[in-house]
Amino acid sequence: MAARALHGAAIGSIAATAGAALLDLRPAHGAVIGRLTGVALTFGMTAGVLGGALLGQLVPDPLVTPYLVAAAAVLVTLSGTALMPEPLRARTALNLRIRPRVPAQIRGPFWFAAVSTAATWSVLGLYLSLAPGLADQAVGSRNLLVGGTISAALVGTGAVAQLITQRTGALRLAIGGDLLLGIALLPSVAAVAAHSAWAMYLTAVVMGAGLGPAFSSSLRHLAAVIPAAERGQVMSAYYLTGYLSLAIPAVLAGLAATRFGLTHTYVAFSAAAAITCGAAGWLGSRLAAERHRPDAEMRPAVDDTSRR
Numbered sequence: 147m148a149a150r151a152l153h154g155a156a157i158g159s160i161a162a163t164a165g166a167a168l169l170d171l172r173p174a175h176g177a178v179i180g181r182l183t184g185v186a187l188t189f190g191m192t193a194g195v196l197g198g199a200l201l202g203q204l205v206p207d208p209l210v211t212p213y214l215v216a217a218a219a220v221l222v223t224l225s226g227t228a229l230m231p232e233p234l235r236a237r238t239a240l241n242l243r244i245r246p247r248v249p250a251q252i253r254g255p256f257w258f259a260a261v262s263t264a265a266t267w268s269v270l271g272l273y274l275s276l277a278p279g280l281a282d283q284a285v286g287s288r289n290l291l292v293g294g295t296i297s298a299a300l301v302g303t304g305a306v307a308q309l310i311t312q313r314t315g316a317l318r319l320a321i322g323g324d325l326l327l328g329i330a331l332l333p334s335v336a337a338v339a340a341h342s343a344w345a346m347y348l349t350a351v352v353m354g355a356g357l358g359p360a361f362s363s364s365l366r367h368l369a370a371v372i373p374a375a376e377r378g379q380v381m382s383a384y385y386l387t388g389y390l391s392l393a394i395p396a397v398l399a400g401l402a403a404t405r406f407g408l409t410h411t412y413v414a415f416s417a418a419a420a421i422t423c424g425a426a427g428w429l430g431s432r433l434a435a436e437r438h439r440p441d442a443e444m445r446p447a448v449d450d451t452s453r454r
């Protein structure tokens, strides 16, 4: 538990500052960076879920080998990070206290991105925590590849959907992704209740088609309007919301499943996630309406199609 807590602290630090560092390197390409960040994160999750299932099921030492593979990947990433140029000219003291903060002028885009991320990551946390057990119930055996491939179908489809739709307007795409994810949760509940592995695969693909664009496009919409001097604070606040949305539902779902069973827990948490998806879509619709008002102050700033 201590090692995992240290691991989580490292991941959170990397996620918050890596996006800000990329924005420092390419300050005029906020929308592109937001899109690439979302795609990279989702593909990384897919590789982790599927690779972990394969290694855990097939290699002789499943409690050691996956971590060695992950350590090798971290070393490769570290070497690339060390080669990144530093855009800041003046030498300043190293400040490790990046406090989450959202400027007043971008609170609308921030809250839309935060709620959209809460919706997508809560579904992700719910699925990653319960899908292996639900898959075991469906096939009647404990095979890590079944649960791993179902989870990978969700995250992998999300990654592919981000690539396919990357030239679509961010706000409109994020709203559509939120609504599609919320609607797709209904047949997902039916698939789980029927204990059908194939239906779970199919609904995971449909859910991923909404999850990927909802997450990456809301981040792309936010990245295009972050003030240059406050990138670290805003990205820190954004990922704080995201990781809490990933962790809290996963922990609560695990606790509930021990008492009420996997199926009942999935049904209840899916309903809550669907409501969150609807709330994200509503917030996005309000932003879209404000952008079309003649007196909209931020209209040029959030038009990401002009920043490719």
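According to the numbering used here, numbering within the sequence shown proceeds without interruption in unit steps and concludes at 454.
Don't be surprised by glycine CBs; every beta carbon is placed ideally from N, CA and C.
- Message: Taking the straight line between their C-alpha atoms, what separation do you get for residue 181 and residue 363?
- Response: Here residue 181 refers to the residue found at position 35 when the sequence shown is read from its first residue. Here residue 363 refers to the residue found at position 217 when the sequence shown is read from its first residue. For residue 181 and residue 363, the distance between alpha carbons rounds to 7 Å.
- Task: Taking the CB atoms as reference points, tell me whether residue 308 and residue 222 lie closer together than 9 Å.
- Result: As a position in the sequence shown, residue 308 is number 162, starting the count at 1. As a position in the sequence shown, residue 222 is number 76, starting the count at 1. No, they are not a contact pair.
- What are the boundary residues of the alpha helix (DSSP H) that residue 342 is part of? Looking up residue 342 in the sequence shown gives position 196. Here residue 342 belongs to no alpha helix (DSSP H), and DSSP marks it neither H nor E.
- Query: Which parts of the segment 286-318 are runs of the alpha helix (DSSP H), unbroken and 4 residues or longer, counting only runs that do not cross its ends?
  - Reply: 290-310
- Identify, in the order they occur along the chain, each residue of the same chain with its Cβ nearer than 6 Å to the Cβ of residue 218, setting aside the five sequence neighbours on each side. The sequence position of residue 218 within the sequence shown is 72, counting from 1. Cβ neighbours of residue 218 beyond the five flanking positions: none.
- Message: With a threshold of 8 Å, are at least 3 pairs of Cβ atoms found where one atom belongs to the segment 247-260 and the other to the segment 364-384?
- Response: yes
- residue 220 vs residue 298 beta-carbon contact at 9 Å: In the sequence shown, residue 220 corresponds to position 74, counting from 1. In the sequence shown, residue 298 corresponds to position 152, counting from 1. In this structure, residue 298 does not lie closer than 9 Å to residue 220 by Cβ.
- Measure the alpha-carbon distance for residue 425 versus residue 230 and round it to whole angstroms. What you label residue 425 is simply residue 279 of the sequence shown in a count that begins at 1. What you label residue 230 is simply residue 84 of the sequence shown in a count that begins at 1. Those two C-alpha atoms are separated by around 39 Å.
- Query: On the three-state DSSP scale, how would you describe residue 372?
  - Reply: For the purposes of this step, residue 372 is taken as residue 226 along the sequence shown, with counting starting at 1. In this structure, residue 372 counts as coil in the three-state DSSP scheme.
- Compute the Euclidean distance between the alpha carbons of residue 348 and residue 436, then round it to the nearest angstrom. Taking the first residue of the sequence shown as position 1, residue 348 is located at position 202. Taking the first residue of the sequence shown as position 1, residue 436 is located at position 290. One C-alpha to the other measures close to 37 Å.
- Taking the CB atoms as reference points, tell me whether residue 357 and residue 303 lie closer together than 9 Å. The residue labelled residue 357 in the question sits at position 211 within the sequence shown. The residue labelled residue 303 in the question sits at position 157 within the sequence shown. In contact: residue 357 and residue 303 (Cβ atoms closer than 9 Å).
- Item | Rounded straight-line distance, which links the Cα of residue 234 to that of residue 375 | In the sequence shown, counting from the first residue as 1, residue 375 sits at position 229. In the sequence shown, counting from the first residue as 1, residue 234 sits at position 88. Roughly 12 Å separates the two Cα atoms.
- Selection from 266, 344, 280 that minimises the alpha carbon distance to residue 392: Against the sequence shown, residue 392 aligns to sequence position 246. Answer by Cα proximity: 266.
- Item | Between the CA atoms of residue 285 and residue 163 - distance to the nearest angstrom | Taking the first residue of the sequence shown as position 1, residue 163 is located at position 17. Taking the first residue of the sequence shown as position 1, residue 285 is located at position 139. C-alpha separation (whole angstroms): 42 Å.
- Message: I want to know whether the segment 401-421 touches the segment 200-209 - three or more CB-CB distances under 8 Å.
- Response: no
- For residue 288, collect the residues of the same chain with a Cβ closer than 7 Å to its Cβ; drop the 5 residues on either side in sequence, then sort them by chain order. Numbered from its first residue, the sequence shown carries residue 288 at position 142. Once the five neighbours on either side are set aside, the close Cβ partners of residue 288 are 282.
- Message: Which residue marks the beginning of the alpha helix (DSSP H) containing residue 399, and which one marks its end?
- Response: On the sequence shown, position 253 is the one that residue 399 refers to. 377-406 is the span of the alpha helix (DSSP H), which, as asked, contains residue 399.
- Message: Assuming the contact rule is C-beta atoms closer than 8 Å, residue 396 and residue 271 should be a hit. Round their C-beta distance to whole Å, please.
- Response: Taking the first residue of the sequence shown as 1, we reach residue 396 at position 250. Taking the first residue of the sequence shown as 1, we reach residue 271 at position 125. Yes, residue 396 and residue 271 are in contact; Cβ-Cβ is about 4 Å, under 8 Å.
- From residue 212 to residue 355, what does the alpha carbon distance come to, in whole angstroms? Counting from 1 along the sequence shown, the entry for residue 212 is found at position 66. Counting from 1 along the sequence shown, the entry for residue 355 is found at position 209. Straight-line Cα distance between these residues: approximately 28 Å.
- Item | Helix, strand or coil at residue 413 [DSSP, three-state] | Position 267 of the sequence shown, counted from the first residue, corresponds to residue 413. In the structure shown, residue 413 sits in a helix (DSSP, three-state: H, G or I).
- How long is the line joining the alpha carbons of residue 450 and residue 249, rounded to whole angstroms? Residue mapping note: residue 450 aligns to position 304 of the sequence shown, counting from 1. Residue mapping note: residue 249 aligns to position 103 of the sequence shown, counting from 1. Any answer about residue 450 is weak, because its pLDDT of 44 lies below 50 and its placement is not dependable; what the coordinates show is given next. Roughly 19 Å separates the two Cα atoms.
- Opening and closing residue of the alpha helix (DSSP H) in which residue 231 lies: Within the sequence shown, residue 231 is the residue found at index 85, counting from 1. Unbroken run through residue 231: none, as it is neither H nor E.
- Query: Using the C-alpha atoms, what's the distance from residue 296 back to residue 402?
  - Reply: Within the sequence shown, the letter at position 256 stands for residue 402. Within the sequence shown, the letter at position 150 stands for residue 296. Cα to Cα, the separation comes out at about 22 Å.
- Apply the 10 Å Cβ neighbour rule to residue 264 and answer buried if 16 or more other Cβ atoms are within range, or exposed otherwise. Translated into positions along the sequence shown, residue 264 becomes position 118. Burial call: buried.
- Buried or exposed: where does residue 367 fall if 16 or more other Cβ atoms within 10 Å of its Cβ makes it buried? The residue given as residue 367 occupies position 221 in the sequence shown. The residue in question, residue 367, is buried, as its Cβ has 16 or more Cβ neighbours within 10 Å.
- Classify residue 252 as buried or exposed, calling it buried when 16 or more other Cβ atoms lie within 10 Å of its own Cβ. Translated into the one-based positions of the sequence shown, residue 252 becomes position 106. Answer is buried; the Cβ neighbour count reaches 16.
- Item | Spatial distance of residue 339 from residue 277 (CA atoms) | The residue labelled residue 339 in the question sits at position 193 within the sequence shown. The residue labelled residue 277 in the question sits at position 131 within the sequence shown. Rounded to whole angstroms, residue 339 to residue 277 spans 13 Å at the Cα level.
- Task: With a 10 Å radius around its C-beta and 16 neighbouring C-beta atoms as the bar for buried, classify residue 373 as buried or exposed.
- Result: In the sequence shown, the residue the question calls residue 373 occupies position 227. Exposed, by the Cβ-count rule.
- For residue 166, the nearest candidate out of 384, 326, 150, 202 (CA to CA): For this step, residue 166 is matched to residue 20 along the sequence shown. The candidate whose alpha carbon is nearest that of residue 166 is 384.
- Return yes when the C-beta of residue 149 is under 8 Å from any heavy atom of the ligand GTP, and no when it is not. In the structure on display, the ligand GTP does not appear, and there are no ligands present to speak of.
- For residue 170, which three-state DSSP category applies? Along the sequence shown, read from residue 1 onward, the residue named residue 170 stands at position 24. In the structure shown, residue 170 sits in a helix (DSSP, three-state: H, G or I).
- Task: Give me the Cα-Cα distance between residue 369 and residue 280, rounded to the nearest whole angstrom.
- Result: Locating residue 369 in the sequence shown gives position 223, where the first residue counts as 1. Locating residue 280 in the sequence shown gives position 134, where the first residue counts as 1. Approximately 36 Å, taken between the alpha carbons.
- Tell me which same chain residues have a C-beta within less than 7 Å of the C-beta of residue 408, skipping the five on either side of it? As a working mapping, residue 408 is identified with position 262 in the sequence shown. Cβ neighbours of residue 408 beyond the five flanking positions: 276, 279, 280, 283.
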